[in-house]
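Undergrad: Before anything else, here's the structure in question.
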Amino acid sequence: MHWGTELWDQFDNIEKHTQWGIDFLERYTKFVKERLDIEQSYAKQLRNLVKKYGPKRSNKDEEPRFTYCQSFFQVLNELNDYAGQREVVAEEIGHRVYGELMRYAHDLKMERKAHLQEGRKAQQYLDTCWKQMDNSKKKFERECKETEKAQLCYERLDSDHNATKADVEKAKQQLNLRTHMADECKNEYAAQLQNFNSEQQKHFQFIMPQIFKNLQDMDERRIVKLSECYRGFAEAERRVVPIINKCLEGMISAAKSVDDRKDSLIVVESFKSGFEPPGDFPFEDFSQNIYRTVSDGSLSAQRQEMRGDQKYTIGKSKGKLWPFGKKSKGTVSEDFSHLPPEQRRKKLQQKIDELNKELQKEMDQRDALNKMKDVYERNPQMGDSGSLHPKISETICNIDKLRNEIQKHEIWLFEVENRTCPRGDRRLSGGTAFERPAEINHHGTPGRESPEGSYTDDPNQELRGNQRYPDPHRASEFDDEFEDDEPLPAVGHCKALYPFDGQNEGTLAMREGEVLYVIEEDKGDGWTRTRKQNGQEGYVPTSYVDITLEKNSKGAVTYI
39 MHWGTELWDQ
49 FDNIEKHTQW
59 GIDFLERYTK
69 FVKERLDIEQ
79 SYAKQLRNLV
89 KKYGPKRSNK
99 DEEPRFTYCQ
109 SFFQVLNELN
119 DYAGQREVVA
129 EEIGHRVYGE
139 LMRYAHDLKM
149 ERKAHLQEGR
159 KAQQYLDTCW
169 KQMDNSKKKF
179 ERECKETEKA
189 QLCYERLDSD
199 HNATKADVEK
209 AKQQLNLRTH
219 MADECKNEYA
229 AQLQNFNSEQ
239 QKHFQFIMPQ
249 IFKNLQDMDE
259 RRIVKLSECY
269 RGFAEAERRV
279 VPIINKCLEG
289 MISAAKSVDD
299 RKDSLIVVES
309 FKSGFEPPGD
319 FPFEDFSQNI
329 YRTVSDGSLS
339 AQRQEMRGDQ
349 KYTIGKSKGK
359 LWPFGKKSKG
369 TVSEDFSHLP
379 PEQRRKKLQQ
389 KIDELNKELQ
399 KEMDQRDALN
409 KMKDVYERNP
419 QMGDSGSLHP
429 KISETICNID
439 KLRNEIQKHE
449 IWLFEVENRT
459 CPRGDRRLSG
469 GTAFERPAEI
479 NHHGTPGRES
489 PEGSYTDDPN
499 QELRGNQRYP
509 DPHRASEFDD
519 EFEDDEPLPA
529 VGHCKALYPF
539 DGQNEGTLAM
549 REGEVLYVIE
559 EDKGDGWTRT
569 RKQNGQEGYV
579 PTSYVDITLE
589 KNSKGAVTYI
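Just add 38 to wherever you are in the sequence shown, counting from 1, and you've got the numbering used here.
If you want it as structure tokens, here you go:
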């Protein structure tokens, strides 16, 4: 059905309809633009969200170790890819839909304007033809009326006997003139009428139907374009659905990869100290003093008196110092001796791995420089081989430094691994419990480490001996002191913050939370001499206990 045959007289309504169609097209274009802005904003907000909650690449210590952290970061990566797909949707809508609609709307306006101008022009021409026909008609009508008047005037004069012959002749000539002019107007009117009828038939049967057909084709193409845009709008999202599904599947896979057992094992490996749990507490029989009678002059009685009046008694061993290296409080040692054994072993192993990587880089650089030097020597025109000597020397120096660092850390690692082994194994692998292995004595600096690997920068400590621990004779002397000397007075008390196995000679095992007497303060070597409730004495790491000293204690021992 064509508009020209059915709507031949509805040009104004067709004009309004086509304008409404273009307005609807522009409205839909605005809708696409707003949807495009929403997609772009959504993608941007998703990326900002991922960036906000994602891991900071600058801090390597925050790299995820737990599976639930790794899973969450994997979810963030998938969400970032999902945001990328939203950007693809926005780009597709922008190029294939919005951009196309903008161009098409502009072309459609221009086409409609041309068709309407053509229709208005045809209508104006038809109106002009009608006006010419109407003017000729009106002129013919006037001339006919004037001719009738001339006819009446001539007949009146001709029948009047009093009228002169001249008046009659004049009236006759006027009638002939009017009759001639009426005939001419009649012929002109007939011609104009025929021309108008022809143009009107042409206008309504050919010109306007063709214009209406063009407007109808334009409107139908607009409808088809809207349909294509609707489809393209959906296809832009449909094309990324498989990739979005992969992103969602990746999130589900990340959720399935969470392993609670593995995370618990990581916690154990991260925080275990390597210390053995404390043993059972012995039964302390305080009733034996009630049933046991001793003489006033016995050695036991003297010991009880000294324990009862500690603040006025000083033991014989007050002047003997524990021969361990000094270590400043509150500092982080190069050998990580401030850490528990297991954590120290891990740190040392990690440091060795890092040093080995740096060493490999320096060795690769040295090999490359040597190859370049050989090329320059064979082809002097390519460069001066002498210019590479400083860089080669610097690289060799760096290699020697790194090797020394690796050797030093390997010695510390060897000591930690031997110390964390059972006592029997340690004696088999490194001699006695007091002896430093020959390999370590050969490479290391003697006398600068405490029983737990504390490192000191005091060079005077090197004069105390070439052994890691006191020799067996010195150890036996200290054992005798603890057993046979009079007990030292308590200068305070301390509470164990961490468990300590006390496997080394001269040390005292303690459990976490245990309260001990302090009988000698830390002399700067990182060790404090303590005594248990049962009288057992020994040294414990100062950093492992919380010490509370008694004010105005006369029994405090001072060392210069």
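Beta carbons: idealized from backbone N, C-alpha and C, even for Gly.
Just the Cα atoms here: how many angstroms apart are LEU231 and ASP205?
TA: Between LEU231 and ASP205, the C-alpha separation is close to 38 Å.
Undergrad: Determine the burial state of TYR91: buried for a count of at least 16 other Cβ atoms within 10 Å of its Cβ, exposed for fewer.
TA: Label assigned to TYR91: exposed.
Undergrad: Rank LYS263, TRP168, LEU195, HIS199 by C-alpha distance to the C-alpha of PHE234 and give the top, closest one.
TA: When each option's Cα is compared against that of PHE234, the closest is TRP168.
Undergrad: Quick test of the definition: if touching needs 3 or more C-beta pairs under 8 Å, does the stretch 257 to 268 touch the stretch 211 to 218?
TA: Touching, no, given that fewer than three Cβ pairs across the two stretches are closer than 8 Å.
Undergrad: Could you give the DSSP three-state label for GLU237: helix, strand or coil?
TA: In the structure shown, GLU237 sits in a helix (DSSP, three-state: H, G or I).
Undergrad: I'd like to know whether the C-beta atoms of ILE249 and ALA160 end up nearer to each other than 8 Å.
TA: Against a cut-off of 8 Å, the Cβ pair of ALA160 and ILE249 comes out as a contact.
Undergrad: DSSP three-state label for ASP347, please.
TA: Because the pLDDT of ASP347 is 45, which lies under 50, any placement of that residue in the model is unreliable, and the question is left without a value.
Undergrad: How is the alpha helix (DSSP H) around ARG194 delimited, first residue to last?
TA: Where ARG194 is concerned, the enclosing alpha helix (DSSP H) stretches over 137 to 197.
Undergrad: Assign VAL583 to one of two classes, buried (16 or more other C-beta atoms within 10 Å of its C-beta) or exposed (fewer than that).
TA: By the neighbour-count rule (16 or more Cβ atoms within 10 Å), VAL583 is buried.
Undergrad: Buried or exposed for ASN86, going by 16 or more other Cβ atoms inside 10 Å?
TA: So ASN86 counts as exposed.
Undergrad: When the distance is taken between beta carbons, is GLU64 closer than 8 Å to ILE131?
TA: No, the Cβ-Cβ distance between ILE131 and GLU64 is not below 8 Å.
Undergrad: Helix or strand or just coil, what does DSSP make of ALA272?
TA: Reduced to three states, the DSSP call for ALA272 is helix.
Undergrad: Output yes or no for whether 8 Å exceeds the beta carbon distance between GLU575 and VAL529.
TA: No, the pair does not count as a contact, with Cβ atoms beyond the cut-off.
Undergrad: For MET548, write down the residues that DSSP places opposite it in a beta bridge.
TA: Bridge partners of MET548: PHE538.
Undergrad: Can you list, in chain order, the residues of its chain whose CB lies under 6 Å from that of SER600, leaving out five sequence neighbours each side?
TA: Only positions 39 to 598 of the chain appear in this structure, which leaves residue 600 out of reach.
Undergrad: From this set, ASN436, GLY288, PHE49, which residue's C-alpha is nearest ASN118's C-alpha?
TA: Out of ASN436, GLY288, PHE49, GLY288 has the C-alpha closest to the C-alpha of ASN118.
Undergrad: Three-state secondary structure (DSSP) at LEU526?
TA: Here LEU526 sits in coil by DSSP.
Undergrad: With C-beta atoms as the reference, is LEU116 less than 8 Å away from ALA81?
TA: Before going on, a small fix: residue 116 reads as Glu here, not Leu. Contact: no.
Undergrad: Roughly how many angstroms lie between the CA atoms of PRO428 and ASP391, to the nearest whole one?
TA: Approximately 28 Å between the Cα atoms of the pair.
Undergrad: Run the CB neighbour count on GLN388, radius 10 Å, all protein chains shown included, and call it buried at 16 or more, exposed below.
TA: Exposed, because fewer than 16 other Cβ atoms sit within 10 Å of the Cβ of GLN388.
Undergrad: Between the alpha carbons of LYS446 and GLU129, how many angstroms are there, rounded?
TA: Between LYS446 and GLU129, the C-alpha separation is close to 59 Å.
Undergrad: Rounded to whole angstroms, what is the Cα-Cα separation between PRO527 and LEU546?
TA: Their backbone Cα atoms lie some 17 Å apart in a straight line.
Undergrad: Taking the alpha-carbon of LEU554 as reference, which of ASP563, THR586, LYS561 has the nearest alpha-carbon?
TA: Ranking ASP563, THR586, LYS561 by Cα distance to LEU554 puts THR586 first.
Undergrad: In or out: GLU207 buried (at least 16 other Cβ within 10 Å) or exposed?
TA: That one is exposed.
Undergrad: Select from LEU286, LYS395, ILE434 the residue whose C-alpha is nearest the C-alpha of ASN408.
TA: ASN408 has its Cα closest to that of ILE434, out of LEU286, LYS395, ILE434.
Undergrad: By DSSP, does LEU231 sit in helix, in strand, or in coil?
TA: Three-state DSSP puts LEU231 in a helix.
Undergrad: Report all residues from its chain with a CB closer than 6 Å to the CB of GLU521; omit the five preceding and five following residues, and keep chain order.
TA: With a pLDDT of 46 at GLU521, under the threshold of 50, the modelled position of that residue is not reliable, and the figure given next carries that caveat. Once the five neighbours on either side are set aside, GLU521 has no close Cβ partner at all.
Undergrad: In the DSSP output, what is GLU129 paired with across the bridge?
TA: For GLU129, which the question treats as bridged, DSSP gives no partner whatsoever.
Undergrad: Please return the same chain residues whose Cβ sits closer than 6 Å to the Cβ of GLU181, not counting the five positions on each side in sequence.
TA: If we look at GLU181 and ignore the five residues flanking it on each side, its Cβ neighbours are MET219, ALA220, CYS223.
Undergrad: Quick one: is ALA152 buried, meaning 16 or more other Cβ sit within 10 Å of its Cβ, or exposed?
TA: ALA152 should be labelled exposed.
Undergrad: With DSSP as the reference, identify every bridge partner of LYS533, one or two as the case may be.
TA: DSSP, once it has assigned bridges, lists VAL553, ASP584 as partnering LYS533.
Undergrad: What residue ranges within the stretch 431 to 455 form continuous alpha helix (DSSP H) runs of no fewer than 4 residues, ordered along the chain?
TA: Entirely contained in the stretch 431 to 455, not one alpha helix (DSSP H) run reaches 4 residues.
Undergrad: Put VAL578 into one of helix, strand or coil per three-state DSSP.
TA: Strand.
Undergrad: Does PRO378 pass the burial test, meaning 16 or more other C-beta atoms within 10 Å, or should it be called exposed?
TA: Burial call: buried.
Undergrad: Run through the DSSP bridge pairs and tell me what ARG569 is partnered with.
TA: Beta-bridge pairing links ARG569 to TYR555, GLU575.
Undergrad: Helix or strand or just coil, what does DSSP make of LYS592?
TA: Its pLDDT being 43, under 50, LYS592 is placed unreliably by the model, and the measurement read from it follows with that caveat. It is coil, neither helix nor strand.
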